[in-house]
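Under the working numbering, the first residue of the sequence shown carries the number 18, and numbering increases by one thereafter.
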Amino acid sequence: MTRAKVLELLFLSLFVAAAAAAVPLSTGYMAWSWDALNHHIYLGMTAEHSRWHLDVIPASYQTYQYPYLYWPIYRLSLLDGSGAVVGAILSAFQAAMLLPPVWLIADRLLPDSGAVLADVLERVSACVLAFLSLIILASLETTANDALAAVPMLWAVALTLRERVTTRLAFAASALWGVSTAFKFSNGLFMPWLLLWWWASENRRLSFRQAQALFLGAVIGFGLAYAPWGWQLWRLTGNPFFPYFTFVFGRG
18 MTRAKVLELL FLSLFVAAAA AAVPLSTGYM AWSWDALNHH IYLGMTAEHS
68 RWHLDVIPAS YQTYQYPYLY WPIYRLSLLD GSGAVVGAIL SAFQAAMLLP
118 PVWLIADRLL PDSGAVLADV LERVSACVLA FLSLIILASL ETTANDALAA
168 VPMLWAVALT LRERVTTRLA FAASALWGVS TAFKFSNGLF MPWLLLWWWA
218 SENRRLSFRQ AQALFLGAVI GFGLAYAPWG WQLWRLTGNP FFPYFTFVFG
268 RG
């Protein structure tokens, strides 16, 4: 990556973060729903302080969801500041995390034409369109973890768009997919993207070694990210995925 592109990425990241922060600052508040107070903040507190001996499903089965992505909003909620400031910090953080992989995807899908200004405008426009999605706009102004959970997945997609396809690249992309799935199980549905990527590569085939890399990467990425929480659930209920897969592990 050239120095000019690095500066472009840095500037655009700062701009998007500032634009996201401006939303709660302009409204003067951050909305706190039942989910925010009793589900998201609670899970963030659980990530830092074990409460298994004190509480019994305070947020129903949502209590057992992966909690660590809610830790930032929990810590921010303890600040001695207004809701607008807390919302601005959270929105800016989420936008800054999302922008780099989105920019890389745009850079690889929109090859340079030689006209520098036109190329920059194309990449910037692609990023702006991505952030104008209603899903992203809604996520940035809430305490939900969907945007942060998608970050490893976006990096996995960015890696798959590299020109040179290697087994190591397959392992890295699959591991990131595994991490994203540990953060939010529904992200596991994006696994077919990795298989389609290999089919669309110059070899148009999936060797046994490459298939191993995809499988091991996914297992290791998921395992490393999910292990701290899965171990606690295993000790508490006998099921590392509680309340799912009770037909395999029992109901605890």
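Glycine included, each C-beta is placed from N, C-alpha and C at the ideal position.
* **CA-to-CA distance, residue 181 to residue 162, given in whole angstroms** => Near 33 Å, if we compare the C-alpha coordinates of residue 181 and residue 162.
* To do: Entirely within the stretch 129–211 and at least 4 residues each: give me those alpha helix (DSSP H) ranges in chain order.
  => For the alpha helix (DSSP H) assignment, the uninterrupted runs of no fewer than 4 residues enclosed by the stretch 129–211 are, from N- to C-terminal side, 133–148, 151–157, 163–177 and 184–200.
* Asked: Can the beta-carbon of residue 118 be found closer than 8 Å to that of residue 164?
  -> No, the pair does not count as a contact, with Cβ atoms beyond the cut-off.
* To do: Flag this pair as touching only if the stretch 99–110 and the stretch 26–44 have three or more C-beta atom pairs under 8 Å; answer yes or no.
  => With the rule of 3 Cβ pairs closer than 8 Å, the stretch 99–110 counts as touching the stretch 26–44.
* Asked: In this structure, does DSSP put residue 261 in helix, strand or coil?
  -> The answer is coil: DSSP assigns residue 261 none of H, G, I, E or B.
* Do the stretch 183–203 and the stretch 230–240 make contact, defined as three or more Cβ pairs closer than 8 Å? -> With a cut-off of 8 Å, the stretch 230–240 and the stretch 183–203 count as touching, because enough Cβ pairs lie within range.
* **Buried versus exposed, by CB contacts within 10 Å (16 or more), residue 185** => Exposed is the call here.
* Entirely within the stretch 85–112 and at least 4 residues each: give me those alpha helix (DSSP H) ranges in chain order. => Correct list: 88–94.
* Asked: Can you round the beta-carbon distance between residue 35 and residue 109 to whole angstroms, since I take them to be within the 8 Å contact cut?
  -> Contact holds; Cβ gap of about 7 Å.
* From the DSSP output, in three-state form, read off residue 234 for me. => Residue 234: helix per DSSP, three-state reduction.
* To do: Please report how far the alpha carbon of residue 52 lies from the alpha carbon of residue 127, in whole angstroms.
  => Cα to Cα, the separation comes out at about 39 Å.
* **When 247, 266, 263 and 256 are compared against residue 64, the one with the closest alpha-carbon** => Its Cα nearest to that of residue 64, the residue 247 stands out among 247, 266, 263 and 256.
* **Sub-8 Å separation of residue 81 and residue 259 beta-carbons** => Remark: C-beta atoms of residue 81 and residue 259 approach each other more closely than 8 Å.
* Asked: With C-beta atoms as the reference, is residue 25 less than 8 Å away from residue 133?
  -> No; because the gap between Cβ atoms is not below 8 Å, this pair is not in contact.
* Asked: What is the rounded straight-line gap between the Cα of residue 31 and the Cα of residue 124?
  -> Residue 31 and residue 124 have their C-alpha atoms some 18 Å from each other.
* Apart from the five residues on each side of it in sequence, which residues of its chain come closer than 7 Å, Cβ to Cβ, to residue 207? -> Residues of the same chain with a CB within less than 7 Å of the CB of residue 207, apart from the 5 flanking positions on each side, are 170 and 194 in chain order.
* Is residue 256 helix, strand or coil when you go by DSSP? -> In this structure, residue 256 counts as coil in the three-state DSSP scheme.
* Identify, in the order they occur along the chain, each residue of the same chain with its Cβ nearer than 7 Å to the Cβ of residue 178, setting aside the five sequence neighbours on each side. => Result list for residue 178: 122, 125 and 126, in chain order.
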